[in-house]
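Heads up: the protein sequence lines correspond to chains F and P, in order.
Using full-length UniProt numbering, read the first sequence as starting at 1 and increasing by one per residue.
Using full-length UniProt numbering, read the second sequence as starting at 1 and increasing by one per residue.
We treat Cβ as the ideally placed atom computed from N, Cα and C, and that holds for glycine.
Taking it in order: structure first as structure tokens, then the write-up.
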Amino acid sequence: MSIKIKKIILFFFLTSFGLQAQIQKISDLSNNQFLDSKIIYDNNGEDVWGYFLLYKGDKKSKSIQEYQFVILDKNLNKVGSNKFQQEFSNHWFTEAFPNIDYLNKNENELIFGIDFDNRYDFGSFLFRKIDLKTFEISSAYFSRNEQLIQDNGLIQNFDEKKLLPDFFVPVANKGFIKYEREYKGKNEFSSLSEFRKADFKGYSFYDLNLKKKWEVKYKLTEDSGENCYSEFANDKYFVVRKNFYGKVYKGKNKYFYEVKDISTGQDIISIPIEDFKYTYVNNKVFIQDNKIYIFDRIYEFDKKNEIYQKKCLGISKRVYDIDKKTFLEQKFMFWTDLAKFHKISKYGEIKGIFIHLLDFKITSEGKTMIVGEGYFTGQQSTIIKNLYTFELDSEFKVESFGEIETQKTTYSDYVAYGDKLEANNLFDFMYSQKIRSDEFVYFYSDNEVKRGFLDSVLPELSELLPDNWVLGIVVYSDGEFKHQKIKLKTNKGKIYPLKAKKGFIILQEVSKTDNEIRLEKIDY
Amino acid sequence: MCKKCSFLVAFLLFFKFNYSQEHVLLDTINNEVFKNEIEQFYLVQSKKTEAIISQLENYKVKEEMKEIFANKKANFLQDLKNRKYLYHKEISPVIEKIFDDIKAKNPNENFNEIKIILALGEEINAYNYGEGIVAINLPLIINVNDELELSFIICHEIAHQKLNHVFSSIQSQSQKGNSSEMIEKAKELKKVKYNRSGLAKNEVKNFVYGARRFSREKEQQADSLGFVYFRNTNPKFVLKSVEALANLKYVDKDKDSLTSKDYHEIFENSKVVFQEEWIETEDFQDYYYQTNTGIWNIDSLRTHPDIDLRVKYLKNTFKIDESQIYEFNKLNYISLKSKSKYDEIVMLFYLKEYGKSLYKTMILLKDDKENPILKKMMYDNLFMISEYKSQYKLNQCLETESPYNSKSYNAFLSFIRNLRKATLSQIISIYEY
């Protein structure tokens, strides 16, 4: 008799203590093989609404695979589940293990986009909608040449070239941006690198139903867009950072933040990035209470816009009122302002390391809370060490500056400065959350610990990871930063910290035989 | 567990805790004697089972049964060692007396190979473990209305044992699992290229549903034989049999709750200023919970068929006259139940269910604020909760909010989690002894 049946028999006749009913076992949620999961954020994108887990079921035919999704609420209670069948191109080199690349909750509808092993790279989603009342799931759809294609037999009916969808970049909870490029004689699908090199000739905004709402076109004869761009949005505004070097700018680079009404695409405000006092390198931009906050690292002014990474002077904070279309203030913090707390050089060198600022928060009183991390860039290696906390008053004067010692991480044969380390997710800092008004929590761990069930960690891997991992938790409350550490090694295996609802963290304990998750309140 | 707490558990389990009502919390005096006696009994029964299994003809079934019963024995002995089963100075004699009555009034039956023991378990449940063991979980003692209802439940469970249901069910499932039909199906499944797990799931489903039907039949048999034992024992009170069953329908429902006013009263006259936001709960309205989220309907796996059907079956089969109502003295049992509430709190503490133990403690505390047992349990549970919380293991001893919990319980879960370190320490200090 199979082990499974034996277990069922024992289930009937034996009782046990069952002490850990509060813990959700990933394997208990489905009989199928766990593949991937993602956080579902609430409608305004601020807090966790739940979790979306994907499991692999039976192969139904040569080119059809069955999957199961399971939705958990923010307390890890099972909300619902259903199955769906997904076609896939049946090449010998293609394995049908989809990643969840996109997930968006819009009222009672959950839209998710999957991608098979990033085969078509960023933005090439096959979308489906889930009704969160009935858990019915739509057939797959995608956009191609601005047309919505929805067909159960879409993969069978389209050859690969035709199948390739439009490249979308998700923007907040509202929709997607599709960048239009000038292809210099190249086929747009010849390669993604070619695509990225092509000139930026405008962009279009699509709503969640993949309907084009508005578009922006640049005159390439006058302006040339640089390849580098970035964008972010909230429910009201869309902000894109653009770089032009067209004739009207007399051959010089010009950097702007372009703020638009996300519903109509109408221009609201254009914010210049440069002045002639300093050379600026952007650190963080965000919108809070209809104000745009721009934090830049400042370097001595250079006409060619060149900077020396080890000669950063400090940081600039600029604030604009979007509704009133006005500049409100610019303040500076120089590294030398920290001298009363720590011995620090003009260029921010402190005990042989530099600080890269990672997280900025504004309190209700206009204070700025910053968390950064130390790094040292050598000739052949890069070291990451220690966390730094800053509390600046409404005038941007430093009220407190603290150092939290962390384990040193060394990347041999890897040379990088702060921006690159941050872009490649190599800092120990994980993420921050607002717990409530003027209370924040910051999480960090050794770099490798960042993986968890949200990244499909295999239980076998837990054995390979170091024993001295800790999860660091820094809480800002009652006007001060408090720090605590949790060991991430247990008798059973290793613990992976994962993002949870405000004020909580999910701890996923993985061992060779088990994979369970529990929701823990931040204790402070 | 910290040294202080290990000592505390030992203290609670083995030593008297004097209280004005002269009730002794989980008094397991003579527990070693009890443990040895039950262990010896089980080993004797187990040998008999092994002898029966060795007589079986089918080799595969025989080997499988040996393995299952060896595991079962190991589990039982481990649980006995861990004090899941114990002798309680006040509760165990009540159970023994009921069993003695059943024995005396059913002289033609041999009940010598049956032991009825008290078990520590969260569920309101009694079960026949097989091999002569019938276990009564402590919460069942508190949730039946009187000893007559308990008597019927005991009759039902010993009927299972007399009918040897555990052994025959395991044997039957093992035989079915090893039948040529099942083996053939397994082979067929291996050959299938697509939809294999779907087909396999159907087979398992059929297997389990089959077992369920089998179990229903056995439940009906146990109800019938149990009823006969009960009628012989309590001829004037046959109606209590169906009342006992009907009561089982409602035992899971919360009988008391904690309101905002209760929290305010519990913390009045202390330094802690209760804040309403501590008991704000999740808004589950935002979710549409699927009613059947299992692979298949888990409810259909219940071994007990619907209570209503069972009541109807007993009434019809034995022509129970609902007009025959006789009065009897329940006072002793009501007093035992009342005192056992404290045992339940200690039991939950012992099972490391500190959240549930604290919740039940607070419910009792609201009407009995100076009760030393409750104040002590407040401290013990809060202390352990604070330890687990600081180690980020709180979910191991405190459930998370769920749409299936009562509003009061969810508010309590929220309350514990919302307490800041300093406030929790303040509350603990109120109850420090």
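Could you tell me which residues DSSP pairs with residue i in its beta bridges?
i: F:TYR496; result: F:GLN508
i: F:THR410; result: F:ILE383
i: F:CYS312; result: F:TYR299
i: F:LYS217; result: F:GLY202
i: F:THR368; result: F:ILE362 and F:LEU392
i: F:VAL319; result: F:TYR293 and F:GLU329
i: F:GLN288; result: F:LYS291
i: F:GLU373; result: F:HIS356 and F:LEU387
i: P:PRO372; result: None, per the DSSP bridge assignment.
i: F:PHE401; result: F:PHE390
i: F:ASN144; result: Checking the displayed sequence, the identity of residue 144 of chain F turns out to be Arg instead of Asn. BP columns for F:ARG144 point to F:GLN147.
i: P:ALA119; result: P:TYR85 and P:ASN137
i: F:ILE522; result: Answer is none; F:ILE522 lacks a bridge partner.
i: F:GLN433; result: F:VAL441
i: F:TYR179; result: F:TYR203
Is there a Cβ of chain F sitting closer than 8 Å to that of residue i, yes or no?
i: P:GLU401; result: yes
i: P:GLU282; result: yes
i: P:GLN290; result: yes
i: P:ARG216; result: no
i: P:LYS89; result: no
i: P:TYR287; result: yes
i: P:LYS421; result: yes
i: P:LYS389; result: yes
i: P:ARG417; result: yes
Could you tell me which chain A residues have their CB closer than 7 Å to the CB of residue i, listed as they occur along the chain?
i: F:GLU520; result: Looking at the structure shown, chain A is missing, and the protein chains on hand are F and P.
Tell me which residue opens and which closes the alpha helix (DSSP H) that residue i is part of.
i: F:ARG128; result: Taken as a continuous stretch (DSSP letters only), F:ARG128 belongs to no alpha helix (DSSP H), being part of the beta strand (DSSP E) at 126-131.
i: P:ALA104; result: 91-105
i: P:ALA126; result: P:ALA126 -> not in any alpha helix (DSSP H); beta strand (DSSP E) instead, spanning 126-130.
i: P:SER414; result: 407-418
i: F:VAL475; result: Counting along the chain, F:VAL475 falls outside any alpha helix (DSSP H), though it belongs to the beta strand (DSSP E) covering 470-477.
i: P:VAL33; result: 31-54
i: F:VAL169; result: No alpha helix (DSSP H) contains F:VAL169, which is instead part of the beta strand (DSSP E) from 169-171.
For a cutoff of 8 Å on Cβ pairs, would you count residue i as touching chain P?
i: F:LEU103; result: no
i: F:ILE137; result: no
i: F:LYS385; result: no
i: F:VAL494; result: For the sequence presented, residue 494 of chain F should be read as Lys rather than Val. Not an interface residue.
i: F:ILE486; result: yes
i: F:LEU507; result: yes
i: F:TYR442; result: no
i: F:LEU76; result: yes
i: F:LEU132; result: yes
i: F:GLY80; result: yes
i: F:ASP296; result: no
i: F:TYR476; result: no
i: F:TYR524; result: yes
i: F:ASP73; result: yes
For the beta strand (DSSP E) containing residue i, list its first residue and its last residue.
i: F:HIS483; result: 480-487
i: F:SER270; result: 267-272
i: F:VAL48; result: 48-61
i: F:PHE276; result: Where F:PHE276 is concerned, there is no enclosing beta strand (DSSP E), given that its DSSP letter is neither H nor E.
i: F:GLN68; result: 64-73
i: P:ALA135; result: 133-137
i: P:LEU245; result: No beta strand (DSSP E) holds P:LEU245; the alpha helix (DSSP H) holding it covers 239-248.
i: F:ILE39; result: 33-41
i: F:GLN86; result: 78-87
i: P:LEU351; result: P:LEU351 -> no beta strand (DSSP E), and no H or E assigned at all.
Tell me, to the nearest whole angstrom, how far the beta carbon of residue i is from that of residue j; I am working on the premise that it is less than 8 Å.
i: F:VAL285; j: F:TYR257; result: 7 Å
i: F:GLY80; j: F:PHE135; result: 4 Å
i: F:ILE344; j: F:ILE350; result: 5 Å
If we count Cβ pairs, one from each stretch, closer than 8 Å, do we get three or more for the stretch 388-401 of chain P versus the stretch 504-521 of chain F?
yes
At least three beta-carbon pairs within less than 8 Å, the stretch 323-343 of chain P to the stretch 155-170 of chain P
no
Cβ contact check for the stretch 380-388 of chain P and the stretch 355-366 of chain P: 3 or more pairs under 8 Å
yes
Segment contact, 8 Å Cβ cut-off, at least three pairs: the stretch 260-272 of chain P with the stretch 232-250 of chain P:
no
With three or more beta-carbon pairs closer than 8 Å as the criterion, would you say the stretch 235-245 of chain F touches the stretch 261-274 of chain F?
yes
With three or more C-beta pairs closer than 8 Å as the rule, is the stretch 511-523 of chain F touching the stretch 42-53 of chain P?
no
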